[in-house]
Every structure is written in C-alpha cells, then in structure tokens.
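Scroll down for the structure; my scribbles are underneath it.
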Amino acid sequence: MVAPALLGLIRLICMLVNIFGKAGRSLVSAAAMEFVHANGPFHNKTKVIFVLGSTGCGKTKLSIDLATRYNGEIINSDKIQVYKGLDIVTNKATKPEQRGILHHLLGSIQDPEADFTVQDFCLQVPKALDEITKRNRVPIIAGGSNTYIEALVEDPTLRFQDKYDCCFIWLDVSLPVLYNRVSERVDEMVDAGLVDELREMFVPGADYERGIRRAIGAPEMHAYFMAEMDHSADEAGKEFLFKDGIQKTKDNTLKLAESQVQKIERLGTKWDIHRIDVTAVHESRGKKAVVAWENLVLKPSFSIVSEFLEMDG
C-alpha cells in the first residue's frame, strides 16, 4: 500500500512534468528533497533528555529518578567524572545511588593524565546514544560541563538537532541558598574522606591543568600535602594550610556554580529550557526535603518528560 505522503509526491511529479517539461524537473527535484527531509531518517528523531544545573543542585538524583521511571540510561556530561578515581572529590554517584541504572562515560578513562576534550565528548556521546536507543531505552544526558553540552548540540558537523529531539530541564537554585549548600557539601565530602582520597593521588610537581587533577580540591590542597611531606613543618602551619585548602575548595566550587548558572542562562536564549526552582528543596531538611523534592522537582519533571516523550519527533 502506498503511503499517502508518497502518493501525493508521485501525483505532484506527474503534474509538474506534464505542465512545465524540463523546468518541471527542477521543481520535482526540490519537492523530492523536501519530502526526504520531512519523511526521511531524521523525521522520527531520537528523543534525548538533558538535565542541566549548577554543581550541588541535584542533577544526578533527578537523572536517576528519570531513568528509573522512563526505562532510561544516563550519559555523564561532567568532564571530570569521566575519569576513574577521586569518586568523593568528583562527587560521583555511588553504586547504591545509581540504583542499577547503566551509566555511560562515568569513570571510564583509566589514565588520570589523559585529556578528555570537547571533541572526545562529541565523538563518544553519539556512540552511547546509538547503544541506548538500540536497547529501546531513553537517553538522559546529565552533568555540569555546559561547554561540552553546547558543543554537542550546536556543532554543525554533528547535526545533532537534526537527528535528535531535545528536552532540556534546568534545576535552578537561588545563589544564597546554593552558597550554603556548596559549603555544606564540601564539609560532607571532607567527612567522607576527600582529603585521604586526594592524598593518595598527590604527586609533587603534578600538572593540575591536565586530566583528573583539574578537579576542584586537587590544586587547592597542594600546599597542605607539600607541608605534610616536609618534616620540619610545624603543626600550626599545617593546620592553617589545611583550613585554607578547604576554604579555597569551597570558594572555587562557588565560582564554578556561578559560571554554570550564567552559561545556562545564556543557553536559555537559544534553547527551550524548562526551569525548575529547587531552592525550597535545599532549604528543607529531613522528611520535608523528601516531600519538597517529590512535589517541586519530580512532579513537574515527570510531567515535562511524559509530554515530551509522547510528542512526535
């Protein structure tokens, strides 16, 4: 049975050729190209969900919640979490937190000195998307490296937006509340073993502009670890360097968060981004925080994603 769209094209071809002769053939060619564009391999686009936000806003949690509900898999878009190691420093989701959801580009690079560039990201993501869609899963891209995400979506050679239908969700937090959350989280990471983890990877003279050592915390604690190796250093001096390193880690994490928000705001001028305010979640504690997450984050996110997945690509 001939599809209605194809039947209409055939009729148009016959009519144009009969009426215009050779000139009609040019019109036929243009019409055929338009048909292919509208009904070809890019017509039914693969749907991809992006979870955006500053560090500490809850991107990881939401991406896992979405993957759990919609049978999804997650592609990490954090350029530091792509490396193996420093799980506390880079705040990777633990195995229990991952809830069995398959994660791509998470801890996959073994060499801590290797450079994982924007170009590497743009090469690896389409491969992961192919794997995910072959399993009839929903791909969810989550992470804080917005420069990498922008390159992926906007690179004209990739034609990403021609091939994929994108849904962008932004978890936004007011900066004063985010400042408090970041400070608390660094303290939690210190309690969880951040300093020990960094000490194990510490190498005097290491290049903090390459690989996993670009992670916030590694360069900030350098002076303290050097003092630890100096047997002549007094305890008071080491204590000062320790506190200074932790404070610098907090300060630089806050600078990163501000930069991430500014970048997302700029992306919002050209992308249709669904903003969800999660400030109240981070102001709450205990059961109130759980309820706030369900009502203020999950409900609107599920509504956005359900509608997106039901729409024709």
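Taken in order, the sequence shown gives residues -21 to -1, 1 to 292; the numbers are from mature numbering (1 follows the signal peptide of the UniProt record, and there is no 0).
For every residue, glycine included, the Cβ atom is placed at its ideal position computed from N, Cα and C.
This one's a predicted model, so the numbers in the text were calculated from it and none came from an experiment.
Inter-residue Cα distance where the pair is residue i and residue j
i, j, result
"A212", "A206", "6 Å"
"N70", "E286", "31 Å"
"G216", "R114", "56 Å"
"P91", "R116", "31 Å"
"S238", "H210", "39 Å"
"S162", "K229", "6 Å"
"D291", "K26", "10 Å"
"L84", "N55", "5 Å"
"A271", "S153", "16 Å"
"F204", "L150", "36 Å"
"residue 293", "A197", "Within the shown structure, residues of the chain are numbered from -21 to 292, placing residue 293 beyond reach of any answer."
"E218", "S263", "33 Å"
"Q77", "F95", "23 Å"
Exposed unless 16 or more other CB atoms sit within 10 angstroms - verdict on residue i
i, result
"S33", "buried"
"V240", "buried"
"E188", "exposed"
"L102", "exposed"
"A17", "Model confidence at A17 stands at a pLDDT of 43, short of 50, so the residue's coordinates are unreliable and nothing is read from them."
"D170", "exposed"
"G265", "exposed"
"M208", "exposed"
Opening and closing residue of the alpha helix (DSSP H) in which residue i lies
i, result
"I128", "125 to 133"
"L177", "173 to 180"
"A206", "201 to 208"
"F100", "97 to 113"
"I119", "Where I119 is concerned, there is no enclosing alpha helix (DSSP H), although the beta strand (DSSP E) it sits in stretches over 117 to 121."
Where the beta strand (DSSP E) containing residue i begins and where it ends
i, result
"E52", "51 to 55"
"K26", "25 to 32"
Contact check, residue i vs residue j, beta carbons under 7 Å
i, j, result
"G51", "I119", "yes"
"I59", "L173", "no"
"M200", "L233", "no"
"I252", "F100", "no"
"A236", "L157", "yes"
"V97", "A130", "yes"
"V257", "V269", "no"
"R192", "A185", "yes"
"L31", "I243", "yes"
Problem - Start-end ranges of the alpha helix (DSSP H) lying completely within the segment 235 to 270, minimum 4 residues - result: 258 to 262
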